[in-house]
Amino acid sequence: MVLPFFRKSGSEPSAPPKQSGRKAGVAQAVDPYQVSALDFTGGDARGLAVAAGKIRVDEGSDIDHPAIEEAAILFANNSDDAAIVVLEAALDSGASSNETLWQMLFDLCRVTGDKDLFEQRGLLYATQFNRSPPIWNELAEKKPVKAQVRDAMPSVGLTGNLGAQAASQFEQVRKVALKAGKLKIDLARVRGIDEAGCTLLVGLLRDLRQAKVKVQIANARTMLPMVEGHVQPGRREGQSIWLIVLELLQVLQEQERFEEVALDYAITFEESPPSYETSAPSLGATTLSQKLTATSPTASDVSGELELVPLETEANNYTFEGTLSSAQAEAIRKLATYGAERSTVEVDASRLLRIDFVSAGNLFNVLTQFQTQGKHCVIRGLNAMVAALLRVMGVHHVAQMEEMPRT
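The numbering of the sequence shown is the numbering used here, which starts it at 34 and goes up by one.
In structure tokens, the structure reads:
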């Protein structure tokens, strides 16, 4: 992504902000009026620092002050001392009524653990706005934390034509599910399944049910037509196919059809069929009969595979934590996966301390794609420094942004 930063025509240069205080002299001297068009996707740290001094925006509201964008980019580039100089200089040279600058400075102190500066500036803030100063709560991370999804459920996607050759992969999935205590099975990309494949799937579901593993089945309707036509009342064969049909009908909550097939099953195999569970959710727990008669898998020429897909979450939002940098690009890719099947995408950023320029650009790209798909995107709990950078990147045009509550 190439982002141009330029001074609006017709505006007159003003003197650079006076650098005063204990961190004076940290920011580098640059020509603030040179037109710049830089590609930041490569993570050029020097280029980012230089670009911070080239941004100039006409003032119109709190968030339009040029120091906001300068400090946000310096912060994204880990130039915290320089960002503090920019914010302090702006507040000390005529912008003391700009509350956005104050909140950015306070959150920057929280992230860096600078309680002394926080308290000094808190007294000045209280005088300026005639209200109580903000309360200190440290946001500084104690150790590197990767962005992650919380309360995640392992998900396995079944793909291709499933037969006896997939036995070892089903065993791998069984181990993952038993360890996690829960599993989501997605049938969206299954193209075919034979009797041996049904036997493997039935055996997996039976074992997980007995182990009290929480199982969700997604896209059951994809597989139903592949197996439903193979159940023949009175023909005593293909028992695992019958059981898969009953399982899918249960997941789809088609009770009337389930009871018809269950009756035919009882007559054909002379044993009680699985019971329909009226309280079972549409993606709910398995309802597999534990009376499966083992069937020896036969050799098959069809191909089949299991694909372990990225973790998905059962929670109502996706969570970013710690520092999100280009080294954690997977976190943005997982957000794209998380939002793929949702009409509303909510991101909890209350534990996100910092995001670098490259990651912010990648986040903008994902959220733009969501917007073109008609999805509503919300990012909640942003600290003021991260929020400022995301505004620089234009994220507020493609997603609703909410900063953390102020105290």
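We put the CB at the ideal spot given by N, CA and C, even for glycine.
Query, Result
"Residue-level contact to chain B via CB, V235, 8 angstroms cutoff", "Structure shown: chain B not included; a single protein chain is present."
"Three-state secondary structure assigned by DSSP to L71", "Below a pLDDT of 50, predicted positions are generally treated as unreliable, and L71, at 34, falls in that range; the measurement from the model is reported next regardless. Residue state, collapsed to three classes: strand."
"Option nearest G196 by Cα separation, candidates R268, Q402, M426, T232", "T232"
"The segment 237 to 252 touching the segment 264 to 272, judged by at least three CB pairs closer than 8 angstroms", "no"
"Cα-Cα separation, S188 to A244", "18 angstroms"
"Buried or exposed by the 16-neighbour rule on C-beta atoms within 10 Å, applied to A373", "exposed"
"Distance between A393 and Q433 (C-alpha atoms, nearest Å)", "15 angstroms"
"Cβ shell of A382 (< 6 angstroms), same chain only, five flanking positions each side left out", "F353, I412, G414, L415"
"Beta-carbon spacing of I218, M259 below 8 angstroms", "no"
"Cβ-Cβ distance between F390 and N111 below 8 angstroms", "no"
"Distance between A417 and P167 (C-alpha atoms, nearest Å)", "14 angstroms"
"Nearest to Y351 (by Cα), restricted to the options E103, L396, L220, L157", "L396"
"Host alpha helix (DSSP H) of S394 (start-end)", "A small correction: the amino acid at residue 394 is Gly; Ser does not occupy that position in the sequence shown. It spans 390 to 405 - the alpha helix (DSSP H) in which G394 sits, taken as one unbroken run."
"C-beta contact flag for I274 and L234 at 8 angstroms", "no"
"Where the alpha helix (DSSP H) through E102 begins and ends", "99 to 109"
"Residues that DSSP places opposite E379 in a beta bridge", "V411"
"Residue range of the alpha helix (DSSP H) that includes R242", "228 to 243"
"Supposed contact pair L368 and G399 - C-beta distance, whole angstroms, cut 8 angstroms", "This sequence places Val at residue 399; Gly is not what is there. About 6 angstroms; that satisfies the 8 angstroms criterion."
"L107 and A116 closer than 8 angstroms at C-beta", "yes"
"Paired residues, beta bridge with A251 - DSSP", "D219"
"Limits of the beta strand (DSSP E) - the one that Q433 falls within", "433 to 436"
"C-alpha gap between A123 and Y158, whole angstroms", "14 angstroms"
"Rounded Cβ spacing between M137 and L120 (contact assumed at less than 8 angstroms)", "6 angstroms"
"Coil, strand or helix - L195 by DSSP", "strand"
"T352, DSSP secondary structure in three states", "strand"
"Proximity winner among Q286, E132, L141, I96, relative to V118 (alpha-carbon distances)", "L141"
"E435 to R384 span [Cα, whole Å]", "13 angstroms"
"Spatial neighbours of L211 in its chain, beta-carbon cut-off 7 angstroms, leaving aside the 5 residues before and after", "A244, V246"
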